[in-house]
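Report on one structure; see the data block that follows.
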Amino acid sequence: MWTVENRRRYRRGELRYPSDLTPAEWAFVEPLIPAAKRGGNRRHVDEREIVNGLMYILSTGCQWRAIPKDLPARSTLYNYFDLWSWDGTLERIHQALYVECREDAGREASPSAAIIDSQSVKSAEKGGSRTRPVTMRARRSRARSGIFSSIRKAS
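284 is the number that my numbering gives the last residue of the sequence shown; the numbers go up by one with no jumps.
Structure, rendered in structure tokens:
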């Protein structure tokens, strides 16, 4: 419900883009981002800017090539998106935010009930999709058949 307290809490006017993380949001997400790997060069990008760039793409639905110039380069953003998708970082961030939102709403961390729509029930009554095994007829080699011969017959 929009109260004075909630309006202050969700105000994003001081941010560069509405999708940027507030300091409180960043404090929650930062520990979930893995540290740079040992042995190589140190990171030259700000992880917060990477998250802001990914949030911009998710909230606006823009193409990778349409990312504003004041965010990290699209290749950098895409590389981090690919890496964090592969190593599970994005899934961990999503799960932590999901649990936090449920607990803020006074609910248990994981739902205890599920909603099934009528379409799901209809397909379950029919037994789901049935697939028949598809077999192909064996191909016969033309080289071994009596009809085909690579040797010309004398006539």
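Virtual Cβ for every residue (Gly too), placed ideally from N, Cα, C.
Item, Value
"Residues in its own chain within less than 8 Å of Glu134 by CB, not counting five upstream and five downstream?", "none"
"Apart from the five residues on each side of it in sequence, which residues of its chain come closer than 6 Å, Cβ to Cβ, to Pro147?", "Arg141"
"Go through its chain and collect everything with a Cβ distance to Arg172's Cβ below 8 Å, but skip five positions before and after it.", "Ala165"
"Quick one, are the C-beta atoms of Gly182 and Pro160 less than 9 Å apart?", "no"
"I need the boundaries of the alpha helix (DSSP H) containing Ser214, first residue and last residue.", "203-216"
"To the nearest angstrom, how far is the alpha carbon of Glu143 from that of Phe157?", "19 Å"
"Using only CA atoms, which one of Asp246, Ala242, Tyr209 lies nearest to Met184?", "Tyr209"
"Quick one: Cα of Arg177 to Cα of Pro240, how far?", "30 Å"
"What whole-angstrom Cβ distance do Val174 and Thr218 have, given they're in contact under 8 Å?", "Contact flag wrong, Cβ pair sits at about 15 Å."
"Please report how far the alpha carbon of Asn170 lies from the alpha carbon of Gly235, in whole angstroms.", "44 Å"
"What did DSSP end up calling Tyr146 once you bin it into helix, strand or coil?", "coil"
"Helix, strand or coil: how does DSSP classify Ile186 here?", "helix"
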